[in-house]
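Trainee:
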Amino acid sequence: MRLIDTHTHLDFPDFDGDRPQLLASAAARGVERMVVLGVYQDNFQRVWDLACSDERIFAALGLHPVYLDQHRPEHLATLRDWLQRLRGDRRLCAVGEFGLDYYLPALDPQRQQALFEAQLQLACDFALPALLHVRRSHAQVIATLKRYKPARAGVIHAFAGSYEEAREYMKLGFRLGLGGAATWPQALRLRKTLARLPLEAVVLETDAPDMAPSMYPGMRNSPEHLPEIAEALAQVMGVEAGELAEASSRNADELFGW
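Under the UniProt record's numbering, the residues of the sequence shown are numbered 1 to 258, in order.
(1) Please determine, among M219, F126, A241, D42, the residue with the shortest C-alpha to C-alpha distance to E228.
(2) Counting along the chain, where does the beta strand (DSSP E) carrying T6 start and finish?
(3) For A51, which of helix, strand or coil comes out of DSSP?
(4) For F159, which of A143, A201, P150 has the nearest alpha-carbon?
(5) Run through DSSP, which three-state label would G154 get?
(6) With respect to the alpha helix (DSSP H) encompassing D101, which residues constitute its N-terminal and C-terminal limits?
(7) Using a threshold of 9 Å, state whether the C-beta atoms of P150 and F256 are closer than that.
(8) Alpha carbon to alpha carbon, what distance is there between H64 and L199?
(9) Can you tell me whether M1 is buried or exposed? The criterion is at least 16 other CB atoms within 10 Å of its CB, across all chains shown.
(10) On the DSSP bridge assignment, give the partners of R175 in chain order.
(11) Span of the beta strand (DSSP E) holding H138?
(12) What does M34 pair with, by DSSP beta-bridge criteria?
(13) Span of the alpha helix (DSSP H) holding H75?
(14) By DSSP's criteria, A118 is part of a beta bridge. Which residues make up the other side?
(15) Whole angstroms are fine: how far does the CA of A94 sit from the CA of R136?
(16) Which residue wins for smallest C-alpha separation from P13, given the options E254, R220, W184, Q235?
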């Protein structure tokens, strides 16, 4: 199977001890490309260094809502400077990870919204896909996307919404990022939604080191696990694993212009 991990955090310290071996193992298992996402200003350089060190790694840069208290107004200017400096470099593939998180009550919704819209505008200005974190905030994200209408659309990372919400994202041109969450049998609503999704709407991801699939409970997640994730999701969706892998990789190629 040819696979693309559209969302991973390989720059995190969790991988410092075995990153080269992990990359070699993932490649041997068919994972041809990986998108590593920035989440706050201090890891932009680390993400970019990774993308420059291995042709299979591509970078996205953004300010994640979970780190809201760390972000400062000047960090948006720094992000714009990075995007401007790297404009046209094929190793920069998106703006992200950013979005809205209404699950954590300490995160102020108004400040989140302002940061979300500022980065969405950057995605529009630089004609880059947006890789979005959406947790218990689908209605607000959908309403905002309808106002901005980003031409390159993007990915709803770790999609766990309803079919009706999926349909709204699909109308806007967004792909739905699927990973370890739906491999768990108790994710009943999500699994029912996945069974209704068209293959042209989905991309595969791990969110490594987080969101371990059911076959690796309590373990560090890794791009190496993407083949098993693809096989489990294909069963849920009622298709062959190779068919899902081919479709999701084709969708990622199209989205990122590869």
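In this text, a Cβ means the ideal position worked out from N, Cα and C, and glycines have one as well.
Mentor: Considering the structure as presented:
(1) The residue you call residue 228 lines up with position 228 of the sequence shown. Among M219, F126, A241, D42, the Cα nearest to that of E228 belongs to A241.
(2) On the sequence shown, position 6 is the one that residue 6 refers to. Segment 3-8, the beta strand (DSSP E) holding T6.
(3) Position 51 of the sequence shown, counted from the first residue, corresponds to residue 51. The answer is helix: DSSP assigns A51 an H, G or I state.
(4) Numbered from 1 along the sequence shown, position 159 holds the residue referred to as residue 159. Comparing Cα-Cα distances from F159 to each of A143, A201, P150, the minimum goes to A201.
(5) Taking the first residue of the sequence shown as 1, we reach residue 154 at position 154. Reduced to three states, the DSSP call for G154 is strand.
(6) As a position in the sequence shown, residue 101 is number 101, starting the count at 1. No alpha helix (DSSP H) holds D101; the beta strand (DSSP E) holding it covers 92-101.
(7) Looking up residue 150 in the sequence shown gives position 150. Looking up residue 256 in the sequence shown gives position 256. The answer is no: Cβ separation not under 9 Å.
(8) The sequence position of residue 199 within the sequence shown is 199, counting from 1. The sequence position of residue 64 within the sequence shown is 64, counting from 1. Straight-line Cα distance between these residues: approximately 28 Å.
(9) By 1-based counting over the sequence shown, the position of residue 1 is 1. Buried, because 16 or more other Cβ atoms sit within 10 Å of the Cβ of M1.
(10) Walking along the sequence shown from the start, residue 175 turns up at place 175. Partner(s): V155.
(11) Start at 1 with the first residue of the sequence shown, and residue 138 comes out as number 138. Element bounds for H138: not the beta strand (DSSP E) but the alpha helix (DSSP H), 138-148.
(12) To locate residue 34, count along the sequence shown from 1; it is residue 34. DSSP, once it has assigned bridges, lists D5, I57 as partnering M34.
(13) Position 75 of the sequence shown, counted from the first residue, corresponds to residue 75. Start and end: 73-85.
(14) By 1-based counting over the sequence shown, the position of residue 118 is 118. Answer is none; A118 lacks a bridge partner.
(15) To locate residue 136, count along the sequence shown from 1; it is residue 136. To locate residue 94, count along the sequence shown from 1; it is residue 94. Cα-Cα distance, rounded: 23 Å.
(16) Working through the sequence shown from its first residue, we reach residue 13 at position 13. It is R220 whose Cα lies nearest to the Cα of P13.
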